[in-house]
Amino acid sequence: MTLMTRVTKLLDIEHPIIQGGMAWTATAELSAAVSNAGGIGVIGAGHMPTDLLREQIRLAKTLTDRPFGVNLMLLTPHIDDIVQMVIDERVPMVTTGAGNPGKYMAGLKEADIKVVPIVPSVALAKRMESIGADAIIGEGMEAGGHIGELTTMVLIPQLVDAVEVPVIAAGGIADGRGVAAAFALGAEGVQLGTRFMCAEECTIHPAIKEQVLKAKDRDTVVTGRSTGHPVRVLKNKLARQIMELDRENKVEEIEALGAGKLALAMRQGDIDMGSLMAGQSAAMVCRIEPAADIVHELVRDADTVIRGMTSALDA
Ligand code: TUI
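464 is the number that this note's numbering gives the last residue of the sequence shown; the numbers go up by one with no jumps.
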C-alpha cells in the first residue's frame, strides 16, 4: 500500500509522511527510524549549538541510508552558522520554521538541498514559492509549539489554490483519518509531530510521553500571544504563569521565564516548569510504539478511509 504523490518523488521516499522537526525532541534516533520506515525524519535544530547539531546529523547518517531532514528554527541567534553547517554536511532536505528563510534559500538550493518552508499563511507561501521552495508545509494552529492563526482545515485548501508546488499539511493530524482528510483538502503529504513524541525511538524524557498520553481534548493552551510568538503547550504550572504575564503584557518577563524551558521539559522531564510543547492532537495519542508502526498504520488507515469514502458515495 502506498500513497504516491509529488512529495514522495521530490524527497525520494516511499510514504508522504514527514516527522515534524521538534526542538530537543526530534533527535537523530527518531528521525532515522521514521526514514527507515519509508517516511522522512527531521532532526529539530531549535536553539541547539552548531556542534551538537552536527553530531546529530552524523549520527543520523550512521542510522539510516535513506533521506532525512533538519528543521531550521529561524529565530535562533546563530542561525547563519547552522545553515552553513547544514550545507557543508549535505543534508538532503531542510524544513524551516518561525520565520522567513529567504536569506538562505539560494545557498541551500545551490547545495542541492530540498527546501520546504513551514508557513502559516497564503502570502508567505506565495513568497516562498517565488524564491524557489520545493514544496510548502502549511501548519494550522492545532499544532504544538510556535503557531500561526489559521486552522489546518482552512489553510490547506487556500495554499493548494495559491501555489503550484506540492503542499504538505501539518497541525492536528494524528491518525489515518487525519491523513485522508489532508489529502481530501488537496495536500500531497502530511507532517506529524505530536504523534511521534510517543514513538519508542523518541528520546524525550518518559515523564513527557506520559503527559502526552494523558492529555485530553482541551488540555493544550496558547501562551505568549503578547510576545508576537504564540506557542501551544500542554497546560502546566509554567503555562499558567506565562498566561498571567500575557494578561499584563509583560513581554520581557515572559521571554526570561520561557528561556531554556523546552529542554528542561524534553530532556530533564520537568512536567511542572518545563515547556510542554505539543499539539491538540495529543488527545489522540494513546500508546508508545515503534515509529515504523506509526508510519505503517497512518498509510494503511488513510488508504482504508479513502477507499471507504468512494464506496460509501456509490452506495
Ligand atoms: O516553527 C514551528 N514551531 C516551533 S519553533 C519552536 S522554538 C520557539 N520557541 C519559542 C518561541 C518561538 C519559537 C517551537 N515550535 N513551526 C513552524 C511554524 N512556522 N509555525 C508558524 C511558523 C511561521 C510563523 C511566521 C513561519 C513563518 C512566519 O513568518 C513571519 C515572517 O517573518 O513573515
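Ideal Cβ placement from N, Cα and C applies to all residues, glycine included.
Give me the residue from the options with the minimum Cα distance to residue i.
i	options	result
residue 174	163, 334, 350, 433	350
residue 222	238, 211, 191, 216	191
residue 269	254, 257, 255, 249	249
residue 219	212, 226, 393, 246	246
residue 410	395, 388, 297	388
residue 381	286, 154, 320, 453	320
residue 260	453, 232, 251, 287	232
Suppose the cutoff is 7 Å on Cβ atoms and the five residues either side in sequence are ignored; what does the same chain contact list for residue i look like?
i	result
residue 412	173
residue 330	none
residue 376	400, 403, 404
residue 383	360, 364, 368, 369, 425, 427, 431
residue 210	none
residue 311	271, 274, 275
residue 188	162, 164, 166, 167, 168, 444
Excluding the five sequence neighbours on either side, which residues of its own chain have a C-beta within less than 8 Å of the C-beta of residue i, listed in chain order?
i	result
residue 313	278
residue 230	199
residue 281	254, 255, 258, 264
residue 262	235, 236, 239, 240, 241, 242, 243
Rounding to the nearest angstrom, what Cα-Cα distance links residue i and residue j in this structure?
i	j	result
residue 224	residue 294	13 Å
residue 199	residue 309	35 Å
residue 434	residue 193	20 Å
residue 441	residue 185	8 Å
residue 156	residue 298	25 Å
residue 373	residue 302	24 Å
Compute the minimum distance between the beta carbon of residue i and the heavy atoms of the ligand TUI, and state whether it is under 7 Å.
i	result
residue 191	no
residue 246	yes
residue 382	no
residue 295	yes
residue 172	yes
residue 195	yes
residue 185	no
residue 359	no
residue 201	no
residue 222	yes
residue 273	yes
residue 249	yes
residue 227	no
residue 370	no
What does a CB cutoff of less than 6 Å around residue i pick up in its chain, not counting 5 residues either side in sequence?
i	result
residue 241	216
residue 394	402, 403
residue 451	325, 328, 329
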